[in-house]
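Residue numbers (UniProt numbering): 1 to 415.
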């Protein structure tokens, strides 16, 4: 741990020995981004997620503390005016039950910004803090695809704040290193920017849900409300929400289809969530399960509860789901693409759902501008669907206000 008078730079985000998969993101003052490292159309490259320089910048950095008299408080923030605008964030950055765990990472959504906070605690020998000091250090940014980029350094910074209470020097340096001017003039941050999301979380999502993964996929295409639950810590839940968001890759072609990722939510968010038509979020507060009017699907350790009987029928596991699951398993086991480009689990997961959603959108959009109002079994096959998916597809067409119907003789389900 560096002393407060140490003027050295904040350490690089990723050690030099781990830079073999990094991308060189060329950020000009115009905000354009040019990816030079990955050329395969199937890979998850920066241009998929970064629109301009604004996406890379940190909007704010903050410290949340547990005060024995006042509870959770925003202890410090930069810019300073943000401290007055972060009401409620202190209960997300340091969730209920945090005192029972040593470390955690939380993703959150607040005031049209996305945040990531690293929590930790340490024993202290003073009565004022009752023997334990708890802090969370977090940042707010515009693009949730970059939250994990900050996770490693925030873990270091929260330890620094715990060991050096009241000293925010290193946090100020980190904030400055992610401002627009610094990003433009210092190439080492651009060259070390790693957008790869840990593949183990995609694998965990798949292994925990199995064919129910496609229940989530269909629910998200139908713009439903999904809430994940697990006891603390919240880190794995937040990672699963991020990975589940990939199920909608390229689904925006279905006339504005969207499902906002809220990440961690708590009981204070119920009013906001009740007004949302579609979202995906997670919580460590079991009481949220009783608020069945704010969600359509509740996912607890791989078990999926669906609130509506009609929706249960539409989202039941089908033969088509089993077929797609087999194809997905085959896809993520491929280490290279057809042009021998190395592929990660994230690449293959992204590519699979990107192609699936694109095929559905392309076929539906093509038929919507023709005189054809009935979809055949061949149409379903061209979309990557099975005849057992006809009920789901009919409901999807209805939700898009399209006067089309699936004409199919078979509609079998697998329990």
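Glycine residues also receive a C-beta, built at the ideal position from the N, C-alpha and C atoms.
The model shown is predicted, which means the values in this text are computed figures rather than measured ones.
Cβ separation of residue i and residue j, assumed to be a contact under 8 Å, to the nearest whole Å
i, j, result
"residue 368", "residue 402", "6 Å"
"residue 74", "residue 89", "7 Å"
"residue 141", "residue 119", "Not really, about 18 Å apart at Cβ, beyond 8 Å."
"residue 65", "residue 135", "6 Å"
"residue 83", "residue 175", "No, residue 83 and residue 175 are not in contact; Cβ-Cβ is about 13 Å, not under 8 Å."
"residue 291", "residue 270", "5 Å"
Three-state class that DSSP yields for residue i in the structure shown
i, result
"residue 217", "helix"
"residue 224", "coil"
"residue 369", "coil"
"residue 331", "helix"
"residue 196", "coil"
"residue 67", "strand"
"residue 237", "helix"
"residue 162", "helix"
"residue 183", "helix"
"residue 247", "helix"
Separation of residue j from residue i, as counted between CA atoms
i, j, result
"residue 139", "residue 329", "35 Å"
"residue 385", "residue 70", "55 Å"
"residue 352", "residue 331", "7 Å"
"residue 442", "residue 266", "Since the first residue of the chain shown is 1 and the last is 415, residue 442 is not available in this structure."
"residue 344", "residue 252", "24 Å"
"residue 62", "residue 210", "38 Å"
"residue 273", "residue 294", "6 Å"
"residue 404", "residue 224", "21 Å"
"residue 366", "residue 150", "42 Å"
"residue 158", "residue 137", "5 Å"
"residue 258", "residue 123", "44 Å"
"residue 322", "residue 254", "24 Å"
"residue 68", "residue 243", "36 Å"
Contacts around residue i, its chain only, beta-carbon distance under 6 Å, and the 5 residues preceding and following it disregarded
i, result
"residue 239", "201"
Cutoff 8 Å; reference residue i; Cβ partners in own chain excluding five residues on either side
i, result
"residue 314", "218, 222, 391, 392, 395"
"residue 41", "Residue placement at residue 41 is poorly supported in this model, since its pLDDT is 43, which falls under 50; the coordinates are not used for a value here."
"residue 165", "133"
"residue 161", "63, 135, 137, 167, 168, 171"
Cβ neighbours of residue i in the same chain (closer than 7 Å, five flanking residues each side left out)
i, result
"residue 247", "216, 217, 220, 353"
"residue 320", "385, 386, 388, 389"
"residue 287", "267"
"residue 91", "72, 266, 268"
"residue 100", "232"
What are the start and end residues of each continuous beta strand (DSSP E) run of 3 or more residues lying completely inside the segment 265-329, in chain order? 279-283, 297-300, 303-306
Ignoring anything shorter than 3 residues or poking outside the segment 70-138, list the beta strand (DSSP E) runs there in chain order. 71-78, 103-110, 113-123
Can you check the segment 353-403 for any alpha helix (DSSP H) of at least 4 residues that lies completely inside it and give the ranges in chain order? 377-382, 390-399
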